[in-house]
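Okay, so the sequence shown: first residue is 1 according to this note's numbering, each after it adds one.
Have a look at the structure below, then the notes.
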Amino acid sequence: MHMLIAIQDSAAAALTSTPVVTPAPAAPLGISALILLMVVGSGFVIAWSRWVRPMNLAIGFVVTVAMWTLSYLALLQPGFVAGEALFVGALACVLFGGFLAGRFAPGQASGLSVGLVSATINLMVVGAFLRDEQGGSPVRPAAYVIGLFAASALLGSIGERIGSARASARRLPSPVTLMGMVATVNILVMIVIGGLVTGYEAGLAVPDWPNSFGHNMLLYPVSEMKGGIFYEHAHRLFGMLVGATVLAYATTVWRSGASKFARTAVSILLALVVCQGILGGLRVTGTVTSSMNATDLSPSTTLAIVHGMLGQFVFALALVSAFAVSSAWDRVRVAVPGAGAMRLLTSLAFMSITLQLFLGAAMRHLQIPPTGDEGAQLPKWALHGHVTMAVIAFVLVLVAAIRCGRAVEAPPLRRVGKAAMHTVGLQVALGIAALVAVLMRRGEMVPVWEVAATTAHQALGAVLIAEVATMAVLARRTITATASPA
Numbered sequence: 001m002h003m004l005i006a007i008q009d010s011a012a013a014a015l016t017s018t019p020v021v022t023p024a025p026a027a028p029l030g031i032s033a034l035i036l037l038m039v040v041g042s043g044f045v046i047a048w049s050r051w052v053r054p055m056n057l058a059i060g061f062v063v064t065v066a067m068w069t070l071s072y073l074a075l076l077q078p079g080f081v082a083g084e085a086l087f088v089g090a091l092a093c094v095l096f097g098g099f100l101a102g103r104f105a106p107g108q109a110s111g112l113s114v115g116l117v118s119a120t121i122n123l124m125v126v127g128a129f130l131r132d133e134q135g136g137s138p139v140r141p142a143a144y145v146i147g148l149f150a151a152s153a154l155l156g157s158i159g160e161r162i163g164s165a166r167a168s169a170r171r172l173p174s175p176v177t178l179m180g181m182v183a184t185v186n187i188l189v190m191i192v193i194g195g196l197v198t199g200y201e202a203g204l205a206v207p208d209w210p211n212s213f214g215h216n217m218l219l220y221p222v223s224e225m226k227g228g229i230f231y232e233h234a235h236r237l238f239g240m241l242v243g244a245t246v247l248a249y250a251t252t253v254w255r256s257g258a259s260k261f262a263r264t265a266v267s268i269l270l271a272l273v274v275c276q277g278i279l280g281g282l283r284v285t286g287t288v289t290s291s292m293n294a295t296d297l298s299p300s301t302t303l304a305i306v307h308g309m310l311g312q313f314v315f316a317l318a319l320v321s322a323f324a325v326s327s328a329w330d331r332v333r334v335a336v337p338g339a340g341a342m343r344l345l346t347s348l349a350f351m352s353i354t355l356q357l358f359l360g361a362a363m364r365h366l367q368i369p370p371t372g373d374e375g376a377q378l379p380k381w382a383l384h385g386h387v388t389m390a391v392i393a394f395v396l397v398l399v400a401a402i403r404c405g406r407a408v409e410a411p412p413l414r415r416v417g418k419a420a421m422h423t424v425g426l427q428v429a430l431g432i433a434a435l436v437a438v439l440m441r442r443g444e445m446v447p448v449w450e451v452a453a454t455t456a457h458q459a460l461g462a463v464l465i466a467e468v469a470t471m472a473v474l475a476r477r478t479i480t481a482t483a484s485p486a
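Right, dumping it as structure tokens:
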């Protein structure tokens, strides 16, 4: 309860107060220490993932990603009924995870183990609360950790008991498929949170990295997450969750009988996630340093553009890999009339939307925010290019999606094609709304409706790129149908 009160109090200040942060060198995390922590942490996650039963691991990550997402949303609505309800929902996620184990995965998972897996992952953020709550007592940290594990185990066990009372003949996807799905969703949530950071112009709210105002990033006090610092630091914390999720996903794939393509894809995905984290840090500092001194820092707009684009490619690769470890992968290995033309169309669509992504990222990061009565100053080359390319990309993606949507012989490819047909139309509408919102804004205050429009446009753009990439990969899995002899 103290933890929830601390979160809500800090979040209320985040939306109403000017950040006042006292740099504290307590437990700083230098570059060499970060590397050591990454190596040790990765080794722990790999060993732990191999020891935990795959289904317990998969449901545990489903639970934790849902918990973190609901908690983040609750922090955006502190003190209101909606925020309190979301916090209750976050706690209920463990109960729901146990329910899933009991009803849809009997014999494969247990609610107790699901709760313990979730508690283990949540250790990543416990330190942030302890900095506010420890009060000099050496007992309180142990009590928090014990309470975390006990409550999670109890809720998971109760959920399993409820679910097993009416066990279903239906079963969850395989653990490796479920891990692919949760990793993909987690990355998309991360993209949305990153969009909020950019939308609220909070990308440089925390000046140092891998530390946060001199604190070890894992121990940065919740009470100091105010203003733009809340958005930026929460973005970093979710980055840790994405890293842990993808590492556990990769371990699950490596130990399974997945195809060579799937193992290669998830290995590249893991490498890109690591690169993405490093790029995010260097975008803030401009160089490898843990200093907070402005003379040692040189924030890079170029790296901000690269970081934004790579995040969307990471999501696309995650979706492709999720298909590669599912039963859909084999169900597209069929003869499809006109498969060659379909491959060409999806390739052209992907290239066009990649160029469109660059133009959009450049327009967003290179713009000069409005001051006074003057509106935002957008780079003309990026603005005109983005608008023009939108028409070209729309046509190419729509044609490719229609063609894939007619591939009745390969149902997975057909479904992705139909989804892309709807996504591309909505994306154009959101693009117009986002542009109008940016051009209409006056003054330094960022209105909520502008952030909502630009973030939605960015997130849906990531979904569209992922759909087009998946269409291109699945189209290459099809076999060109030959005409039957007369």
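Beta carbons: idealized from backbone N, C-alpha and C, even for Gly.
All values derive from a computational prediction rather than experimental measurement.
Query                                                                                                                                                                     : Result
Apart from the five residues on each side of it in sequence, which residues of its chain come closer than 7 Å, Cβ to Cβ, to Val-446?                                      : Gly-199, Tyr-200, Glu-201
Let me check one thing: in DSSP terms, what residues is Ala-335 bridge-paired to?                                                                                         : Ile-479
Could you give the residue range of the alpha helix (DSSP H) that holds Ala-66?                                                                                           : 54-76
Within the chosen definition, does the region 214-229 reach the region 252-259 through at least 3 CB pairs nearer than 8 Å?                                               : no
How many Å lie between Leu-57 and Ala-143 at the Cα?                                                                                                                      : 25 Å
Could you tell me if the beta carbon of Leu-270 falls within a distance shorter than 7 Å of some heavy atom in the ligand MN?                                             : The ligand MN is not part of this structure, which contains no ligands at all.
My understanding is that Ala-318 touches Ala-165, with C-beta atoms under 8 Å, so please give their C-beta distance in whole angstroms.                                   : Not a contact, Cβ separation roughly 35 Å.
Does the Cβ of Ser-168 have 16 or more other Cβ atoms within 10 Å, making it buried, or fewer, making it exposed?                                                         : exposed
Look at the alpha carbon of Ala-234 and the alpha carbon of Ala-400, and state the distance between them as a whole number of angstroms.                                  : 37 Å
Check each candidate in Tyr-72, Thr-251, Thr-454 and name the one with the smallest Cα separation from Val-436.                                                           : Thr-454
Which residue or residues does DSSP assign as beta-bridge partners of Ala-109?                                                                                            : Pro-106
What is the C-beta distance between Gly-375 and Arg-441, in whole angstroms, given that I count them as a contact (C-beta under 8 Å)?                                     : 7 Å
Alpha carbon to alpha carbon, what distance is there between Trp-381 and Trp-68?                                                                                          : 39 Å
Within its chain, find whatever has a CB closer than 6 Å to the CB of Val-473; leave out the 5 residues flanking it on each side and keep chain order.                    : Val-320
Which residues in the same chain as Leu-70 place their Cβ atom closer than 6 Å to its Cβ, once the five residues preceding and following it in sequence are excluded?     : Leu-86, Gly-89, Ala-90
Out of Lys-260, Leu-270, Ser-223, which one is the CA nearest neighbour of Leu-241?                                                                                       : Leu-270
If I measure Cβ to Cβ from Val-117 and keep anything under 7 Å in the same chain, skipping five residues before and after, which residues do I get?                       : Val-52, Asn-56, Leu-57, Gly-60
What does a CB cutoff of less than 7 Å around Phe-104 pick up in its chain, not counting 5 residues either side in sequence?                                              : Ser-168, Arg-170, Arg-171, Leu-172
Give me whichever residues DSSP pairs with His-215 in a beta bridge.                                                                                                      : Ser-212
With DSSP run on the structure shown, which of helix, strand or coil describes Thr-301?                                                                                   : helix
Below 8 Å on the Cβ atoms is my guess for Ala-322 versus Gly-180; work out the distance and round it to an integer in Å.                                                  : 3 Å
When DSSP labels each residue in this structure, what does Gln-377 get in the three-state scheme?                                                                         : strand
Evaluate Asp-208 with the Cβ neighbour count: other Cβ atoms within 10 Å of its Cβ, from every protein chain shown; 16 or more gives buried, anything less gives exposed. : buried
Contact defined as beta carbons within less than 8 Å: I believe Ala-316 pairs with Ala-469. What is the distance between those atoms, to the nearest angstrom?            : 4 Å
Which residues in the same chain have their Cβ closer than 6 Å to the Cβ of Gly-203, if we skip the five residues on either side of it in sequence?                       : Val-197
What does the alpha-carbon distance come out to for the pair Ala-420 and Ala-466?                                                                                         : 9 Å
Less than 8 Å between the CB atoms is what I'm expecting for Leu-100 and Gly-163, so what's the real figure, rounded?                                                     : 7 Å
Looking only at C-alpha atoms, which of Ala-393, Ala-335, Val-114, Ser-49 sits nearest to Val-63?                                                                         : Val-114
Which value, in whole angstroms, describes the spacing of the CA atoms of Ile-368 and Ala-459?                                                                            : 22 Å
Who are Thr-371's beta bridge partners in DSSP?                                                                                                                           : Glu-374
Beta-carbon within less than 6 Å of Ala-475's beta-carbon, same chain only, minus the 5 sequence neighbours each way: which residues are those?                           : Met-342, Arg-343, Thr-346
Output the distance between the C-alpha atoms of Ile-146 and Leu-413, rounded to the nearest integer angstrom.                                                            : 47 Å
Return the CA-CA distance between Leu-310 and Gln-276, expressed in angstroms with no decimal places.                                                                     : 7 Å
Report yes if the CB atom of Val-332 is closer than 8 Å to the CB atom of Thr-478, and no otherwise.                                                                      : yes
Below 8 Å on the Cβ atoms is my guess for Ser-49 versus Ala-248; work out the distance and round it to an integer in Å.                                                   : 5 Å
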